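What follows is a short report on a single structure.
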Amino acid sequence: MSRTLLIFLRFFASPLQRFSPKTWEAVKNFSHPRVVTMLFFGFSAGLPILLIFSSLSLWLREAGIQRSAVTFFSWAALGYSFKFIWAPLVDQMPIPVMTRCLGRRRAWILLAQICIAAAIFAMSMIDPAKAETSLSLMALAAVALGFSSATQDIAIDAFRIESAGEELQALMASVYIAGYRIGMLAAGAGTLFLAQIKGSSPGAYDYTAWRMAYQIMAGLMATGMITVLVIKEPEITVKQANRGRTTDHARFFVLFLVSAAAFVGWFYFSSGIVSTFKDQAISVVKNPSAAGFIIETARLAAGLCAALLAARVMVVLKVADMEMIRSAYVEPVSDFFSRYGAGLAWLLLALIGLYRISDIVLGVISNVFYQDMGFSKIHIASIVKTFGLFMTIAGGFLGGTLSIQFGVMRILFAGALLSAATNLLFVLLAWTGPALPMLYLVISADNLAGGLAGAAFVAFLSSLTNVRFTAIQYAVFSSLMTLVPKVFSGYSGTMVDQLGYPVFFTVTAVMGIPVLILILICRARLQLKETKSQIIP
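Numbering (this note's numbering), first residue to last: 2 to 538.
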C-alpha cells in the first residue's frame, strides 16, 4: 500500500517539479504592462460582435421583424471573414494627424474604436419597428459596426505581435481571450439585462429600453479608447512609420474604395437574378438549404471577381499600379511561403483552417441541444454562459502558462486533443438528460479545453507572422481559421436531424483526429527546419 501511494505521489509531483524558475517568472509576467493592456483591448474587441448577432436578433424579434429578415443581419459580420482584403490599408496607410500624434497602430485602433462607438450609437437611434426604411438604416449601421470591429481586430492583432517578444505572446493571447469573453458577456447578457429591467420583453416591446442598452454599450468603448491614450506605440512600428509617399497611400485607398464598391454593387443589383436561380436550383437539388448554399457561394465568388475586375481597370487607367498591389498582397504571401517552403506552408495553412473545426461545428448547435435536453433559459444563462465564461478564462490562463513551460506546439496538441475528447462528454449528456451536475461537468471540461487551445493557437499564429507584414499575414490566418469550420457548421442542424445528437457529437470528436496528425507532422517539420538553420548559418 505504501509503495503504491509513493508511486502515486511521484506521478503527480513530477510534472510540478518540471516547473522551472522561468515558468514562475512567466506567471509574474501576467502583470506586465503589455499583457495587462491586452485585457482592455480584448474587452473592446469582444464587445461589438454580439451587438450584431444575438443581442440584435432578439431586439429585432421583439420589434416584430420576421425571422427571415433577422437572419440576414448576420451578413453584417462578413467583415470578420474578409478583413484580410483591407488589412494592407490598415498596415500601410497613415491617418492624417492621428498617426503623427499616436503612431501607426494606436491611430488605427483609436479610429476603429471611435467608428464602433458611433455605429452602436447610430443603431440605438433607429427603431426597427417604425418603417421598412428604418430596417434598412439599421442594416447599414450593423454593416458599419462589423467593418469597424474587424478593422479594430486587424490593428490590435498587429499591435499585440509587435509590442512584445515571443516569450510574452502566449500570456498576451490568454489575457486577450479573457478580455474578449468579458466583452462578449457585457454585450450579450449585459444588453439583454438592461433591456429587460427597462421593461422590454416579447409581446411588450419598448424601443427606449433597447436604445438605452445600446447607448451604454457605445459608452463602454471608452475603455479601449482610454487604453490607447495611456499605452506606448510598439518600437517596431515607430521605426517603420509612414512608409511610402502620401500620393501612393491615396491611390491605394481609391483602389480599395472602387473594388469594395464593385463588390457591394454586385450584391445589390444581383438580388433578383439570384432569387430566380435559387428557385431553379431548389427544383434540381430538392434541398432548399443545399441550393441556397450553392447559389450564395457562387454569388460571393462572382462578387470577388467583380472586385478583382474593378482593381484591374484601376491599374489599366493608371490610378493604381501592379507594384502597389504586389507589395500589399503578393509580398506577404510569398514571404510566408519562402520562409517555410511550399510543402510546410501548405501544411501550416491546413492546420490553421482545421484546428477549430471540432468546437465550432458543435458550438453552432449547442444552445439548441441544451433546450432540446430540457434545460431552462436560466440554466443556460447561468451555467453555459456565465460559469462557462470563467472556465474559458481559466483555460486561457492555463494555456498561456503551460505554453511557456512546455512549448506552444505541445500545448497546441493537448488543446486539440482535449477539444475533441470533451465533445464525447456531450454524448453522455445526451444519454443522461437534463442533469445539472452533468451539465456543470460538460461545461467545465469543454470551456477549459477551449480556453487552453485558444491561447496556444493565438500564440502559434503569432509565431508564424513576419513583423514586416504583421497585419496582413495575421489577418489572413485569423480569417482562414474560421472559414472552413463555418462552412461545415452550416450543416450541423441537418446532421443532427439525420444522425441524432450522440452520433453527431461523436462525429465532431472524430473531426479532431486529422488536426492531431497535422500538428505532429508540422511540429516534426518545424523542428527539422530549425535544426537545419542552426547547422547552416
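Using N, Cα and C, we set each Cβ at its ideal position, and we do this for glycine too. Computed from a predicted model, the values in this text were never measured in an experiment.
Does DSSP put residue i in a helix, in a strand, or in coil?
i: residue 328; result: helix
i: residue 201; result: coil
i: residue 375; result: coil
i: residue 104; result: coil
i: residue 185; result: helix
i: residue 381; result: helix
i: residue 336; result: helix
i: residue 249; result: helix
i: residue 234; result: coil
i: residue 240; result: Because the pLDDT at residue 240 is just 48, under 50, the model does not fix this residue reliably, and the value given afterwards should be weighed accordingly. Helix.
i: residue 126; result: coil
i: residue 165; result: coil
i: residue 530; result: helix
i: residue 229; result: helix
i: residue 519; result: helix
i: residue 318; result: coil
i: residue 5; result: Caution applies to residue 5, whose pLDDT of 46 falls short of 50 and renders its modelled position unreliable; the model cannot decide the point.
i: residue 131; result: coil
i: residue 98; result: coil
i: residue 514; result: helix
i: residue 295; result: helix
i: residue 434; result: coil
i: residue 66; result: coil
i: residue 356; result: coil
i: residue 261; result: helix
Return the Cβ separation of residue i and residue j in integer angstroms, given the expectation that the two are a contact with Cβ distance under 8 Å.
i: residue 66; j: residue 169; result: Not confirmed; about 45 Å, so no contact.
i: residue 157; j: residue 299; result: Not confirmed; about 34 Å, so no contact.
i: residue 325; j: residue 253; result: 6 Å
i: residue 408; j: residue 456; result: About 13 Å separates the two Cβ atoms, so there is no contact after all.
i: residue 419; j: residue 450; result: 4 Å
i: residue 102; j: residue 348; result: About 43 Å; that fails the 8 Å criterion.
i: residue 192; j: residue 32; result: Not quite, the Cβ-Cβ distance comes to about 31 Å (not below 8 Å), so this is no contact.
i: residue 153; j: residue 115; result: About 10 Å separates the two Cβ atoms, so there is no contact after all.
i: residue 50; j: residue 201; result: So it is not a contact: roughly 22 Å between Cβ atoms.
i: residue 399; j: residue 453; result: 5 Å
i: residue 435; j: residue 375; result: 4 Å
i: residue 476; j: residue 84; result: 5 Å
i: residue 87; j: residue 268; result: Actually they are not in contact, since the Cβ atoms of residue 87 and residue 268 sit about 17 Å apart, beyond 8 Å.
i: residue 366; j: residue 504; result: Between residue 504 and residue 366 the Cβ distance is about 13 Å, and since that is not below 8 Å, they are no contact.
By the DSSP assignment, the alpha helix (DSSP H) with residue i in it spans what residues?
i: residue 455; result: 437 to 465
i: residue 89; result: 88 to 93
i: residue 83; result: No alpha helix (DSSP H) contains residue 83, which DSSP labels as neither H nor E.
i: residue 469; result: From DSSP, residue 469 is part of no alpha helix (DSSP H); its letter is neither H nor E.
i: residue 31; result: Per DSSP, residue 31 belongs to no alpha helix (DSSP H) and is neither H nor E.
i: residue 208; result: 208 to 221
i: residue 502; result: 502 to 511
i: residue 55; result: 55 to 63
i: residue 48; result: That residue, residue 48, is in no alpha helix (DSSP H); it is neither H nor E in DSSP.
i: residue 271; result: That residue, residue 271, is in no alpha helix (DSSP H); it is neither H nor E in DSSP.
i: residue 391; result: 389 to 407
Tell me which same chain residues have a C-beta within less than 8 Å of the C-beta of residue i, skipping the five on either side of it?
i: residue 336; result: 467, 469, 470, 474
i: residue 443; result: 423, 426, 427, 429, 430
i: residue 296; result: 275, 278, 279, 282
i: residue 351; result: 519
i: residue 386; result: 186, 189, 190
i: residue 532; result: none
i: residue 313; result: none
Ignore the nearest five residues each way along the sequence and tell me which others in residue i's own chain have a CB closer than 6 Å to its CB.
i: residue 243; result: Any reading at residue 243 must be qualified, since the residue scores a pLDDT of 48, below 50, and its modelled position is unreliable; no value is offered.
i: residue 232; result: 38
i: residue 440; result: 384
i: residue 180; result: 40, 43, 44
i: residue 90; result: 257
i: residue 206; result: 63, 64
For residue i, which residues from the same chain have a beta carbon less than 7 Å from its beta carbon, with the 5 sequence-adjacent residues on both sides left out?
i: residue 395; result: 449, 452
i: residue 446; result: 423, 426
i: residue 13; result: In this prediction, residue 13 scores a pLDDT of 39, lower than 50, which makes its location untrustworthy; the coordinate-derived value is nonetheless stated afterwards. Here the set comprises nothing.
i: residue 413; result: 457, 458, 461, 520
i: residue 35; result: 164, 165, 169, 173
i: residue 122; result: 216, 219
i: residue 120; result: 142, 145, 146, 149
Answer yes or no: does any C-beta atom of chain C fall closer than 7 Å to that of residue i?
i: residue 469; result: Annotation note: the requested chain C is absent from the structure, which comprises a single protein chain.
Evaluate the contact criterion for the segment 343 to 357 versus the segment 467 to 485: three or more CB pairs, one atom per stretch, below 8 Å. Segments in contact, yes.
Could you tell me whether the segment 410 to 430 touches the segment 510 to 525, where touching means 3 or more Cβ pairs closer than 8 Å? Counting Cβ pairs under 8 Å, three or more are found: they touch.
For the structure I just gave you, are there three or more beta carbon pairs, one from the segment 209 to 217 and one from the segment 225 to 237, closer than 8 Å? Cβ pair count under 8 Å is below three, so no.
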